[in-house]
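Structure, as structure tokens:
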DNA sequence: GTGCTTGCAAATCGTTTGCAATAGC
DNA sequence: GCTATTGCAAACGATTTGCAAGCAC
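Residue numbers (the working numbering), protein chains in the order written: chain A, 2 to 148; chain B, 2 to 148.
Here's what the structure looks like:
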């Protein structure tokens with residue numbers, strides 16, 4: 002299982018003209034398995050367990066490489082850290098200002114069409130991000146915050 | 002002219018329960034006059050000419066205060082710096098990855114309705130930002146960049 | 001063996017914090 | 001006069017850079 006997945010990832014990277022080093026495969030595998038928009042630190046901490054020699058520089062290099070090749074998104078919604086997302090399909094994001102959690106907001110067909118209408122302008126758009134901030138469902142219902 | 006504008010800004014801040022200190026008035030005046038989504042550094046450099054004692058800490062404090070009171074937006078589109086915007090009306094932004102310029106994208110009535118449709122979800126949304134990145138009109142036509 | 005990739009250490013730089021001096025109601 | 005605000009200096013922390021060692025074709 003894990004082995005065939007790794008082979009798929011190697012092929013996936015190779016198809017995108019990215020040499021599939023151990024580190025790169027591990028990072029892409031992590032991103033695909035953890036759709037939590039991890040920070041560089043989170044990726045680094047987790048993967049360091051299996052790859053003790055891993056350097057944070059390599060994580061930065063790899064994520065920059067992935068995003069240049071369009072197989073990873075760099076999310077700028079969180080002013081504290083960059084966040085990374087291997088889901089490059091059309092969706093929005095919601096950052097909870099109470100718990101800091103970053104949620105995906107998947108869009109209906111109607112909403113995707115609406116977004117389509119919003120991605121036309123005089124400039125050449127290469128990337129669009131729809132970012133919401135506020136208080137997430139969990140934090141509201143659990144009333145973990147004070148006004 | 003300048004004097005009456007300053008008085009208006011003092012009143013504007015007072016109406017929002019913000020004590021109108023010299024620095025705060027100057028920063029708000031700058032933001033209203035320069036709708037270029039300036040960084041903290043740009044605001045600081047410019048205002049330092051007239052207020053030599055100004056501290057960058059005060060610029061940070063003031064902008065944080067303004068955004069807490071909802072009279073200024075903190076834009077997170079540019080991963081390099083926070084950007085500030087005194088135009089809190091509904092509009093999108095475009096960051097040119099060639100020249101670094103941050104442009105306003107004003108929306109048609111239709112587009113505003115489309116965005117309205119996109120700002121409904123299970124969480125409590127307090128702020129929404131629609132961010133585009135790519136190559137701006139000027140950089141495309143002047144072919145200042147290489148592929 | 002040549003060039004790409006990695007990883008260490010240091011540098012960089014935007015932002016935050018602690019605290020004493022100051023200003024404004 | 002009292003409290004809110006300012007400004008300095010230091011700390012912090014995310015990201016970048018330079019470079020030497022290692023790896024893969």
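The beta carbon of each residue, even a glycine, is placed where N, CA and C say it ideally should be.
query                                                                                                                                 : result
Residue-chain proximity (residue 100 of chain A, chain B), Cβ-Cβ < 8 Å                                                                : no
C-beta neighbour in chain A for residue 39 of chain B, strict 8 Å                                                                     : no
CA-to-CA distance, residue 32 of chain A to residue 56 of chain A, given in whole angstroms                                           : 17 Å
CB contact below 8 Å: residue 148 of chain A versus chain B                                                                           : Bear in mind that a pLDDT of 40 at residue 148 of chain A, under 50, signals an unreliable position, so the number given afterwards is only what the model happens to contain. No, because no Cβ of chain B sits closer than 8 Å to the Cβ of residue 148 of chain A.
Heavy atom of the ligand ATP within 7 Å of residue 129 of chain B beta-carbon                                                         : Among the components of this structure there are no ligands whatsoever, and the ligand ATP is therefore not found.
Cβ pair count under 8 Å reaching 3, the segment 21–36 of chain A against the segment 50–69 of chain A                                 : yes
Contact list for the segment 70–104 of chain A against chain B, Cβ threshold 8 Å                                                      : 75, 77, 78, 79, 80, 83, 93, 95, 97, 98, 104
Whole-number beta carbon distance between residue 78 of chain B and residue 119 of chain B, since they are thought to touch under 8 Å : Contact doesn't hold; Cβ gap of about 17 Å is too wide.
Residue 50 of chain B: first and last residue of the uninterrupted alpha helix (DSSP H) it sits in                                    : 41–51
Buried versus exposed call for residue 132 of chain B [16 or more other C-beta atoms within 10 Å across all chains shown]             : buried
Residue interval of the beta strand (DSSP E) (run including residue 97 of chain B)                                                    : 93–97
Runs of beta strand (DSSP E) wholly within the segment 90–135 of chain A (minimum 3 residues, chain order)                            : 93–97, 103–106
Cβ separation of residue 89 of chain B and residue 101 of chain B, assumed to be a contact under 8 Å, to the nearest whole Å          : About 23 Å separates the two Cβ atoms, so there is no contact after all.
Contact set between residue 125 of chain A and chain B, taken where Cβ atoms lie within less than 7 Å                                 : 135, 136, 141
Own chain partners of residue 18 of chain A with C-beta closer than 8 Å, once the 5 adjacent residues on each side are dropped        : 70
Under 8 Å between C-beta atoms of residue 64 of chain B and residue 99 of chain B                                                     : no
Given 8 Å, three or more beta-carbon pairs between the segment 2–16 of chain B and the segment 107–117 of chain A                     : no
Beta-ladder partner(s) of residue 55 of chain B, from DSSP                                                                            : Residue 55 of chain B is not bridged to any residue.
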